[in-house]
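Sequence lines, in order, name chains E and C. All the letters of the first sequence, read from the start, carry residue numbers 2 to 241 under this note's numbering. All the letters of the second sequence, read from the start, carry residue numbers 6 to 222 under this note's numbering. Here is the structure we will look at, set down as structure tokens.
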Amino acid sequence: MSIVEVRHLVKRYPAFELSDASFRVEAGRITGFIGRNGAGKTTTIKSMFNLIHPDGGEIDYFGRPLIGNEKEIKKRIGYSTGTVNWYPRKKIRDIAGIVSRFYDTWDDGAYRKYLALFELNESKAPMELSEGMKVKFNLLLALSHRAEVLILDEPTSGLDPFSRNELLDIFTGLKKEGVAVFFSTHIISDIEKCADDIVYISKGKIVSAMSKTEFAGRFSAAEESLEDTMLRLERGDFNA
Amino acid sequence: MRNIMLKEIKLSASPLAFLFIAFGLMFFIPGYPILCGAFFVTLGLFQSFQTAREANDIVFSALLPIAKNDVVKGKYLFVCFIEACALALMTIAAVIRMTALADAPAYRANALMTANPFALGMALVIFGLFNRIFVGGFFKTAYKQGRPFVIYIIVAFLAISAAEALHHFRGLERLNAFGTEHLGLQATLLAAGLLAFALITFLSYRKACRDFERTDL
Numbered sequence: 002m003s004i005v006e007v008r009h010l011v012k013r014y015p016a017f018e019l020s021d022a023s024f025r026v027e028a029g030r031i032t033g034f035i036g037r038n039g040a041g042k043t044t045t046i047k048s049m050f051n052l053i054h055p056d057g058g059e060i061d062y063f064g065r066p067l068i069g070n071e072k073e074i075k076k077r078i079g080y081s082t083g084t085v086n087w088y089p090r091k092k093i094r095d096i097a098g099i100v101s102r103f104y105d106t107w108d109d110g111a112y113r114k115y116l117a118l119f120e121l122n123e124s125k126a127p128m129e130l131s132e133g134m135k136v137k138f139n140l141l142l143a144l145s146h147r148a149e150v151l152i153l154d155e156p157t158s159g160l161d162p163f164s165r166n167e168l169l170d171i172f173t174g175l176k177k178e179g180v181a182v183f184f185s186t187h188i189i190s191d192i193e194k195c196a197d198d199i200v201y202i203s204k205g206k207i208v209s210a211m212s213k214t215e216f217a218g219r220f221s222a223a224e225e226s227l228e229d230t231m232l233r234l235e236r237g238d239f240n241a
Numbered sequence: 006m007r008n009i010m011l012k013e014i015k016l017s018a019s020p021l022a023f024l025f026i027a028f029g030l031m032f033f034i035p036g037y038p039i040l041c042g043a044f045f046v047t048l049g050l051f052q053s054f055q056t057a058r059e060a061n062d063i064v065f066s067a068l069l070p071i072a073k074n075d076v077v078k079g080k081y082l083f084v085c086f087i088e089a090c091a092l093a094l095m096t097i098a099a100v101i102r103m104t105a106l107a108d109a110p111a112y113r114a115n116a117l118m119t120a121n122p123f124a125l126g127m128a129l130v131i132f133g134l135f136n137r138i139f140v141g142g143f144f145k146t147a148y149k150q151g152r153p154f155v156i157y158i159i160v161a162f163l164a165i166s167a168a169e170a171l172h173h174f175r176g177l178e179r180l181n182a183f184g185t186e187h188l189g190l191q192a193t194l195l196a197a198g199l200l201a202f203a204l205i206t207f208l209s210y211r212k213a214c215r216d217f218e219r220t221d222l
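Structure below.
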């Protein structure tokens with residue numbers, strides 16, 4: 002079942018255009034959203050949260066349009082980013098205490114569980130956390146309100162290989178609990194390691210949106226790694 | 006709405022916004038343009054908006070499961086809450102000056118505006134100008150604060166100067182009433198200030214909602 006469906010999304014900027022982007026995020030699967038810097042990943046993700054206003058297209062969650070159902074939908078989804086720092090000087094405990102008030106689905110048990118799992122100290126402020134721990138803090142907030150889908154913008158950027166690996170293992174664990182994970186990255190090995198589906202964006206256009214197996218079958222030459230395939234496609238060479 | 010107000014108070018606000026409420030007590034200072042107290046209260050609010058911007062507060066709020074209008078409403082409610090607290094202090098100061106200290110020589114010999122209901126009405130006008138020019142101006146981009154604040158400073162000090170000057174004109178001396186003199190006129194002026202504040206703030210809030218809805222974050 003599609004948890005998220007993006008159809009014909011268009012966003013025009015003076016120097017960039019996201020054109021006709023369509024893809025789905027399926028329940029209980031990990032979808033990697035890959036593209037180089039400036040390909041349109043963040044524009045797409047911001048549109049998926051109505052943070053920016055698309056010039057065209059529709060976004061549905063759980064079979065209902067985002068516009069008109071934003072409040073209800075946002076209760077069921079979680080967002081995290083590796084680049085933004087919320088309230089850097091406030092304690093995690095205080096931020097979580099306020100966030101919990103907005104969700105009737107907030108689960109204190111889950112909060113405690115992920116706090117321990119991510120080894121986060123709730124007396125610390127985000128500014129005292131490493132980049133990897135900041136991502137985990139954002140995930141903690143999303144998971145404590147029982148988000149059914151996590152939409153993550155570059156969660157692995159800036160992380161060391163150990164933290165990245167740890168985070169990707171967390172995604173796999175969440176998938177087993179039935180959570181759909183959609184994460185953008187420009188690191189191909191992230192996709193190789195844990196994604197079930199690949200949405201590949203280049204220069205504002207979705208080049209492909211399919212399962213990793215289908216992707217390899219359609220675009221990869223024999224014995225070619227996913228990384229080599231992506232690099233070749235990005236050069237404009239579609240002949241395997 | 007309680008939750009968004011709690012978020013504003015506990016996460017978004019700068020401590021200066023609360024500390025600067027105390028500038029409402031400038032209504033006690035003789036020989037000083039007391040409406041500057043209202044300006045200093047808004048200076049604390051300006052600092053609070055800056056602190057919130059550094060904390061990515063607007064995007065954080067927009068990601069919460071609330072309508073975008075509620076993000077705007079939260080900011081306006083917080084601003085009005087601080088202004089109401091400051092007005093309460095100004096009112097206490099004005100009432101004491103109008104009663105127990107009505108004949109105090111330091112206040113009687115004051116060439117500047119006295120603390121009376123007209124002054125309170127003018128403080129409300131200053132607050133209304135802040136809400137319209139600065140808060141409304143901020144929500145045009147949900148980011149830029151410098152330009153709306155500079156415009157607000159200019160307009161606020163023009164309004165303060167005008168309020169200070171008015172009672173020196175022939176026929177307008179009653180604006181500077183001491184004690185309980187001209188209470189009917191004074192009460193009317195306070196009511197007019199309150200009405201101006203409410204109207205300006207409400208119209209500004211509605212426009213800010215429309216602007217914020219269109220803004221790309």
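Glycine residues also receive a C-beta, built at the ideal position from the N, C-alpha and C atoms.
Beta carbon of residue i nearer than 9 angstroms to that of residue j
i: K75/E; j: F50/E; result: yes
i: F54/C; j: V140/C; result: yes
i: V200/E; j: V150/E; result: no
i: A201/C; j: L125/C; result: no
i: E120/E; j: R94/E; result: no
i: L222/C; j: I63/C; result: yes
i: A18/C; j: A57/C; result: yes
i: I189/E; j: M231/E; result: yes
i: G205/E; j: E18/E; result: yes
i: M95/C; j: F32/C; result: yes
i: L180/C; j: F132/C; result: no
i: A126/E; j: G79/E; result: no
i: S137/E; j: I171/E; result: The sequence shown places Lys at residue 137/E, rather than the Ser named in the question. Contact: yes.
i: N86/E; j: A147/C; result: no
i: V77/C; j: F217/C; result: yes
i: K72/E; j: I71/C; result: yes
i: V7/E; j: T45/E; result: yes
i: A143/E; j: S81/E; result: yes
i: S185/E; j: G36/E; result: yes
i: G49/C; j: L30/C; result: no
i: F154/C; j: F51/C; result: yes
Residue interval of the alpha helix (DSSP H) (run including residue i)
i: M1/E; result: In this structure chain E extends from 2 to 241, so residue 1/E is not present and cannot be described.
i: F123/C; result: P122 to L134
i: I34/C; result: No alpha helix (DSSP H) contains I34/C, which DSSP labels as neither H nor E.
i: D238/E; result: From DSSP, D238/E is part of no alpha helix (DSSP H); its letter is neither H nor E.
i: D170/E; result: P162 to K177
i: L118/E; result: D109 to L118
i: T44/E; result: K42 to M49
i: K145/C; result: G141 to T146
i: G66/C; result: Contrary to the premise, residue 66/C reads as Ser rather than Gly in this sequence. Unbroken alpha helix (DSSP H) run through S66/C: D62 to L68.
i: D56/E; result: Here D56/E belongs to no alpha helix (DSSP H), and DSSP marks it neither H nor E.
i: D108/C; result: D108/C -> no alpha helix (DSSP H), and no H or E assigned at all.
i: V76/C; result: K73 to M103
i: M10/C; result: R7 to K12
Cα-Cα separation between residue i and residue j, rounded to whole angstroms
i: F174/C; j: R102/C; result: 23 angstroms
i: S1/E; j: P89/E; result: Because chain E spans 2 through 241 in this model, residue 1/E falls outside it and cannot be assessed.
i: Y81/C; j: Y210/C; result: 7 angstroms
i: N166/E; j: L141/E; result: 18 angstroms
i: I60/E; j: T106/E; result: 23 angstroms
i: E228/E; j: L234/E; result: 10 angstroms
i: L195/C; j: E186/C; result: 14 angstroms
i: F23/C; j: A164/C; result: 24 angstroms
i: D109/E; j: H146/E; result: 9 angstroms
i: A109/C; j: A27/C; result: 23 angstroms
i: I112/E; j: Y104/E; result: Here residue 112/E is Tyr; the residue named in the question, Ile, does not match the sequence. Computed Cα separation, rounded: 13 angstroms.
i: A192/C; j: R137/C; result: 24 angstroms
i: H9/E; j: D154/E; result: 20 angstroms
Delimiting residues of the beta strand (DSSP E) encompassing residue i
i: Y157/C; result: Counting along the chain, Y157/C falls outside any beta strand (DSSP E), though it belongs to the alpha helix (DSSP H) covering G151 to L171.
Residues that residue i bridges to, as DSSP identifies them
i: P5/E; result: The sequence shown places Val at residue 5/E, not Pro. DSSP output for V5/E lists V26/E and Y62/E as bridge partner(s).
i: L10/E; result: A22/E
i: L151/E; result: G79/E and V182/E
i: D198/E; result: T32/E and S212/E
i: S203/E; result: K206/E
i: G133/E; result: Paired residue(s): none; G133/E is not in a bridge.
i: F17/E; result: Y14/E
Any non-hydrogen atom of the ligand FMN within 8 angstroms of residue i CB
i: T186/E; result: Among the components modelled here there is no ligand, and therefore nothing to report on the ligand FMN.
_Residues from the region 51-70 of chain C in contact with chain E, defined by Cβ distance under 7 angstroms_ = A60, N61, V64, F65, A67, L68, L69 and P70
*Mind listing which residues of the region 94-108 of chain E have their C-beta closer than 9 angstroms to chain C's C-betas, in chain order?*
D95, I96, G98, I99, V100, R102, F103 and Y104
*Identify each residue in the region 75-91 of chain C for which the Cβ-Cβ distance to at least one residue of chain E is less than 8 angstroms, and report them in chain order.*
none
_chain C contacts made by the region 213-236 of chain E, where a contact means CB separation under 8 angstroms_ = none
*When Cβ atoms are compared, which residues of the region 141-167 of chain C fall closer than 8 angstroms to chain E?*
none
*For the region 6-19 of chain C, which residues have a beta carbon sitting closer than 7 angstroms to at least one beta carbon of chain E?*
N8, L11, K12, K15 and L16
_Any C-beta of chain C within less than 8 angstroms: which residues of the region 174-195 of chain E qualify?_
none
*Residues of the region 195-222 of chain C whose Cβ lies closer than 9 angstroms to any Cβ of chain E, in chain order*: E218, R219, T220, D221 and L222
_If the cut-off is 8 angstroms on Cβ atoms, which residues from the region 103-136 of chain C count as contacting chain E, listed in chain order?_
none
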